[in-house]
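**Student:**
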Amino acid sequence: MISYYAYKVKGGKLIKVKVESKDGLIQAITLLGDFFLHPEYVLEEIEASLKGVHLSEATIINEMGKVMERNQATLIGASVEDFAQAIMSAWMASNRNS
Amino acid sequence: MEEFRFLDLETKTAYMNMAVDESIMLAVGGGFAPPTLRFYRWKPSAVSIGTFQGMSEEVDLDYCRRQGIDYIRRITGGGAVYHDYEGEITYSIILPKGHRLAPDDILESYRVLCGGVVKALEQLGIEAEFKPINDVIAGGKKVSGNAQTRRHSCLLQHGTILLDLDVETMFSVLKVPQEKISDKMIADVKERVTSIRELLGRDVAFQELGAALEVGFGKALAVKIVHGIMTSNELQTAERIVDERYSRNEWNLKR
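Protein chains in written order, with the numbering used here: chain A, 34 to 131; chain B, 1223 to 1477.
#1: Which same chain residues, not among the five before or five after Glu1191/B, have their C-beta less than 7 angstroms away from its C-beta?
#2: By the criterion of Cβ-Cβ separation under 8 angstroms, what are the contact partners of Asp115/A in chain B?
#3: Which first and last residues belong to the beta strand (DSSP E) in which Gly1381/B is found?
#4: Got a sec, what are the start and stop residues for the alpha helix (DSSP H) Arg1414/B sits in?
#5: Where does Glu1349/B sit, in a helix, a strand or coil, going by DSSP?
#6: Tell me the DSSP secondary structure of Arg1295/B in three-state form.
#7: Per DSSP, Thr1233/B forms a beta bridge with which residues?
#8: Hey, out of Val75/A, Leu83/A, Leu88/A and Ala111/A, whose CA is closest to Asn104/A's CA?
#9: Of all the CB atoms in chain B, is at least one closer than 7 angstroms to the CB of Ile109/A?
#10: Take every Cβ of the segment 49-65 of chain A, pair it with every Cβ of the segment 1234-1254 of chain B, and state whether three or more of those distances are shorter than 8 angstroms.
#11: Mapping the DSSP letters down to three states, classify Phe1228/B as helix, strand or coil.
#12: Would you say Tyr1293/B and Val1281/B are within 7 angstroms of each other, going by their C-beta atoms?
#13: Along the segment 60-94 of chain A, where does the CB come closer than 8 angstroms to a CB of chain B? Name the residues.
#14: Kindly list, in the order they appear in chain A, the residues whose Cβ is closer than 8 angstroms to that of Phe1261/B.
#15: Chain A beta carbons: is any one of them nearer than 7 angstroms to that of Phe1274/B?
#16: Expressed to the nearest angstrom, what Euclidean distance is found between the alpha-carbon atoms of Val100/A and Val42/A?
#17: Compute the Euclidean distance between the alpha carbons of Leu47/A and Gly66/A, then round it to the nearest angstrom.
#18: Kindly list, in the order they appear in chain A, the residues whose Cβ is closer than 8 angstroms to that of Arg1373/B.
#19: For my contact list, Thr1416/B and Lys1363/B are in at a C-beta cut-off of 8 angstroms; report their separation, rounded to the angstrom.
#20: CB-CB under 8 angstroms to Cys1286/B, same chain, minus the five flanking residues each way: which ones, in chain order?
#21: DSSP three-state call for Gln105/A: helix, strand or coil?
#22: Given this structure, state the Cα-to-Cα distance separating Ser1314/B from Asn128/A, to the nearest angstrom.
#23: Is the beta carbon of Val1358/B sitting closer than 7 angstroms to the one on Ala1369/B?
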């Protein structure tokens, strides 16, 4: 199942997520948007780290947080929590539709 | 007073413009070139997207191909920008890591460097201010967008200053759901975005804006602007980066 969600962060940027999931696990994920992340290569590392992860807000925040921390990365215009929320919204919206 | 190399307004393709910014980073980061300020235009007109954006989500590629408008992915974050050859000047500023004008705090460094744009507008008689995260506004409307990356032991900030605004073309290039392209929406953009010519209510030549930006950056950053040129090494490196990155679908259509 592939689901999609766009979310405008209040006072921040527009984030878009594409989530491919099966049985409540993330198979693949793409995080898109006009936010800033320094250093930029960390985004691909975040996407890779979320593969196979359980679709729960806390787990996603935790996984993303670890990658951010390890790389001393900075997000501007969106937070780890915003992404987790968008991912969960994508999943829940498509669950409702199916 | 510290000297900045200044590369005066020049016109290049989208590929070359983005590659030159990067080749200058490599030179500055390697200690082969001084901090550099550069002004440029895009010919053909082009759309650039932020490094994390999806190309086909943001840009009507068919329209671009039909109209001969280039499209390119930047190495900086931020949003999609339509760079009209007749409507804007882009600047870039490249500083070595640790430079006094490149504080670690990213928002603070936007404020410092956008000061050049604010001061330039002041030169033209326009009262403007930095608006976090990465905009400069005048009369409550955006007139300049900016984006930053830190790599190659450098800080690169590039940004665009609108001389004129062509909302209709902007909407054709950027992917807005057809049903949303209404007069209302065009009016909304005109409420949020402005241009130098609109603010001053008169024709302003590229040269006049360029001159104001040169003075503005010099004053705001307290540096001496020294007219210079790119080295042949920087030029060759830029051409290599065009071949390896910017002219490739693997890069531009990566997301």
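Even glycine gets a Cβ: it sits at the ideal position worked out from N, Cα and C.
**Tutor:** Once the coordinates are examined:
#1: Here chain B comprises residues numbered 1223 to 1477, so residue 1191/B is not present and cannot be evaluated.
#2: Within chain B, no residue comes near Asp115/A; the closest Cβ sits about 13 angstroms away, beyond 8 angstroms.
#3: Cys1376 to Leu1384
#4: Asp1405 to Arg1414
#5: coil
#6: strand
#7: Arg1263/B
#8: Val75/A
#9: yes
#10: no
#11: strand
#12: yes
#13: Thr63, Leu64, Leu65, Gly66, Asp67, Phe68, Phe69, Leu70, His71, Pro72, Glu73 and Leu76
#14: Those within 8 angstroms of Phe1261/B in chain A number zero; the least Cβ separation is about 23 angstroms.
#15: yes
#16: 21 angstroms
#17: 6 angstroms
#18: Pro72 and Glu73
#19: 4 angstroms
#20: Val1269, Asp1292, Tyr1293 and Val1395
#21: coil
#22: 45 angstroms
#23: no
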